[in-house]
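Chains as they are written, first to last, in the numbering used here: chain A, 1 to 291; chain B, 292 to 582.
To start, the structure itself, in structure tokens.
Below, the structure is given as structure tokens:
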């Protein structure tokens, strides 16, 4: 059992390419339903298990979501089994056989002598030790907006934020400044090294950054999640460097660069979403719904 | 028949969601085989036809390619028919029923009062009128590398470059300078306005930009193509603003921003690819293969 499979509670069903997992609280959104970051993380993890290669890219389309404790069946198929590159498809269905998410991607054996290089610049930020602990990215967003509101304990305790530690660094300089640029240092609460799967799990923050860029407090319903990965090392902290691109008619698009603590570009992620404007009271309503 | 369907030679089969097209020379790569940009353009076009909405995002996975004159069947399915947003799947198969490409995406009715904004800066470049005509992006790449080699006429005349006009502007300043940043003004040779589908067709240039950033002359085999679109207007010229991100072990990732001539951000596109290093002689070999 590798670390990704453990984190995600992935179990083999015994049939080739077939797995399952349960929508446990740490794999859920703040409302307890299946979190989009879980769907892409599961897709990356099973693609790597089935092909025994590392992930190059993965796009996960969110078709529907599942209530707490639902059992999700996951099927990974190799559509084009190349010598180095495998094109794969991963589908997640609920216990009624309804599609929850559909993924396409590729895994590969990297070529030791192949072209290699990084063409982006990391923002100059404080290291995790000097950054401000945040209970959740929502809390940070409220602080940015100058709103003195504490996200209730009950909301913080449920969902994916219970297994991720967030710290917000001061940005001293940015290679491409603009509206909504923001950064978070994130790590697993258990302090295990971060893989491509778990980085994708953590990077599902574009909707918030687009809303922030548009001058609103909000988030959104992710329509998809894409990760394009380089080589992950033994990094425990990653920098989620958010680059919102555009909002149009209530929909948004943006990217995230994912950096190691030593400043290596590990991946680029992107998302489209349907934007939702929040008010602080929505968090109170969430807390009441869960009490 | 809308303009995209005409450009792509898309015909309805009479069954709902089912279309077909022929791999004509202008929908092919320089070797005459199905061009990746055609696959994403067809996916965007049929998703819009079936849902009667505009495209938000589309990811097309390239599973295999088809020889010249092959008939490709295209099937568009709505996986999640929301009131505004439709999550769709599009699959292209050859005459043997083998999958050539698989796409996931979403279309939507934009909300007139929805959040709207653009958070990226356009490079300061010369307008199309003052830019240097290029017979193909490959020719420009060779010029950048200081190689005095004319891509043979026979190669220029086949493939997608016969329906696209390319001009390379001088970049006066760039919001995020770095290796491999380059820009092309492109338009349809028939000078029709550019849609999201045709922009995706034109934006399939990431492999070249990644190779260029890594200091190599080359291109690559696209593994996928993703577009995240805002609203397209009546623009005839678009600026393809290439932002290569990273190369690792012979694979590459990068993005493209697509701008209108008036400086509006129309879309962001991204790709992963398996990199290939070219030599000028490869173009000669292509020309000979087609003579």
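Glycine included, C-beta positions come from ideal geometry on N, C-alpha and C.
Start and end residues, alpha helix (DSSP H) containing residue i
| i | result |
| --- | --- |
| residue 489 of chain B | 487-493 |
| residue 430 of chain B | 428-435 |
Residue i versus residue j - alpha carbon distance
| i | j | result |
| --- | --- | --- |
| residue 310 of chain B | residue 520 of chain B | 23 Å |
| residue 252 of chain A | residue 272 of chain A | 6 Å |
| residue 292 of chain B | residue 439 of chain B | Here residue 292 of chain B scores only 43 on pLDDT, less than 50, and its place in the model is too uncertain to base an answer on. |
| residue 54 of chain A | residue 226 of chain A | 15 Å |
| residue 382 of chain B | residue 318 of chain B | 17 Å |
| residue 299 of chain B | residue 332 of chain B | 8 Å |
| residue 402 of chain B | residue 375 of chain B | 8 Å |
| residue 392 of chain B | residue 330 of chain B | 7 Å |
| residue 427 of chain B | residue 321 of chain B | 11 Å |
| residue 109 of chain A | residue 36 of chain A | 27 Å |
| residue 11 of chain A | residue 385 of chain B | 36 Å |
| residue 546 of chain B | residue 531 of chain B | 10 Å |
| residue 24 of chain A | residue 189 of chain A | 16 Å |
| residue 113 of chain A | residue 352 of chain B | 26 Å |
| residue 285 of chain A | residue 275 of chain A | 19 Å |
| residue 103 of chain A | residue 168 of chain A | 31 Å |
| residue 131 of chain A | residue 172 of chain A | 12 Å |
| residue 150 of chain A | residue 134 of chain A | 11 Å |
| residue 65 of chain A | residue 22 of chain A | 13 Å |
| residue 371 of chain B | residue 471 of chain B | 39 Å |
Residue i at chain A interface by Cβ criterion, 9 Å
| i | result |
| --- | --- |
| residue 311 of chain B | no |
| residue 545 of chain B | yes |
| residue 517 of chain B | yes |
| residue 335 of chain B | no |
| residue 530 of chain B | no |
| residue 354 of chain B | yes |
| residue 317 of chain B | no |
| residue 339 of chain B | no |
| residue 326 of chain B | no |
| residue 402 of chain B | yes |
| residue 566 of chain B | yes |
Proximity test, Cβ basis, 9 Å: residue i and chain B
| i | result |
| --- | --- |
| residue 85 of chain A | yes |
| residue 57 of chain A | yes |
| residue 1 of chain A | Bear in mind that a pLDDT of 43 at residue 1 of chain A, under 50, signals an unreliable position, so the number given afterwards is only what the model happens to contain. It does not: the Cβ of residue 1 of chain A has no partner Cβ on chain B nearer than 9 Å. |
| residue 75 of chain A | no |
| residue 210 of chain A | yes |
| residue 263 of chain A | no |
Proximity to residue i [Cα-Cα], best of the options
| i | options | result |
| --- | --- | --- |
| residue 259 of chain A | A/237, A/223, A/246 and A/243 | A/237 |
| residue 117 of chain A | A/182, A/6, A/264 and A/13 | A/264 |
| residue 224 of chain A | A/235, A/239, A/213 and A/207 | A/207 |
| residue 141 of chain A | A/45, A/213 and A/201 | A/213 |
| residue 245 of chain B | B/492, B/351, B/376 and B/477 | Since the first residue shown for chain B is 292 and the last is 582, residue 245 of chain B is missing from the structure and cannot be characterised. |
| residue 270 of chain A | B/295, B/347 and B/475 | B/347 |
| residue 525 of chain B | B/568, B/322, B/557 and B/387 | B/557 |
| residue 482 of chain B | B/453, B/323, B/501 and B/394 | B/453 |
| residue 469 of chain B | A/215, A/151 and A/122 | A/122 |
| residue 297 of chain B | B/389, B/340 and B/326 | B/340 |
| residue 204 of chain A | A/195, A/221, A/188 and A/193 | A/221 |
| residue 359 of chain B | B/349, B/389, B/323 and B/378 | B/323 |
| residue 553 of chain B | B/415, B/501, B/471 and B/492 | B/415 |
| residue 218 of chain A | A/250, A/132 and A/133 | A/250 |
| residue 373 of chain B | B/502, B/304, B/397 and B/533 | B/397 |
| residue 245 of chain A | B/548, B/535, B/306 and B/538 | B/548 |
| residue 491 of chain B | B/378, B/390, B/538 and B/523 | B/523 |
| residue 159 of chain A | A/13, A/170, A/96 and A/138 | A/138 |
| residue 487 of chain B | B/538, B/533, B/410 and B/334 | B/334 |
| residue 380 of chain B | A/87, A/86 and A/99 | A/99 |
| residue 170 of chain A | A/164, A/248, A/184 and A/180 | A/184 |
| residue 210 of chain A | B/388, B/338 and B/406 | B/406 |
Terminal residues of the beta strand (DSSP E) in which residue i lies
| i | result |
| --- | --- |
| residue 370 of chain B | 362-372 |
| residue 172 of chain A | 171-173 |
| residue 187 of chain A | 182-188 |
| residue 63 of chain A | That residue, residue 63 of chain A, is in no beta strand (DSSP E); it is neither H nor E in DSSP. |
| residue 110 of chain A | Note, residue 110 of chain A: premise wrong, no beta strand (DSSP E); not H, not E. |
| residue 583 of chain B | Residue 583 of chain B is absent from the model: chain B starts at 292 and stops at 582. |
| residue 192 of chain A | Per DSSP, residue 192 of chain A belongs to no beta strand (DSSP E) and is neither H nor E. |
| residue 120 of chain A | Note, residue 120 of chain A: premise wrong, no beta strand (DSSP E); not H, not E. |
| residue 457 of chain B | 455-459 |
| residue 419 of chain B | First-last for residue 419 of chain B: undefined, no H or E at that position. |
| residue 441 of chain B | From DSSP, residue 441 of chain B is part of no beta strand (DSSP E); its letter is neither H nor E. |
| residue 133 of chain A | 132-134 |
CB contact below 9 Å: residue i versus chain C
| i | result |
| --- | --- |
| residue 246 of chain A | Considering every chain present, this structure includes no chain C. Its protein chains are A and B. |
Note down, one range per segment and in chain order, each alpha helix (DSSP H) of at least 4 residues found wholly within the stretch 209-290 of chain A.
280-290
Run through the stretch 292-346 of chain B for me and flag every whole alpha helix (DSSP H) of 4 or more residues, listed as ranges in chain order.
When DSSP assignments are scanned along the stretch 292-346 of chain B, the uninterrupted stretches of alpha helix (DSSP H) that are 4 or more residues long and fall wholly within it turn out to be 294-299 and 327-342.
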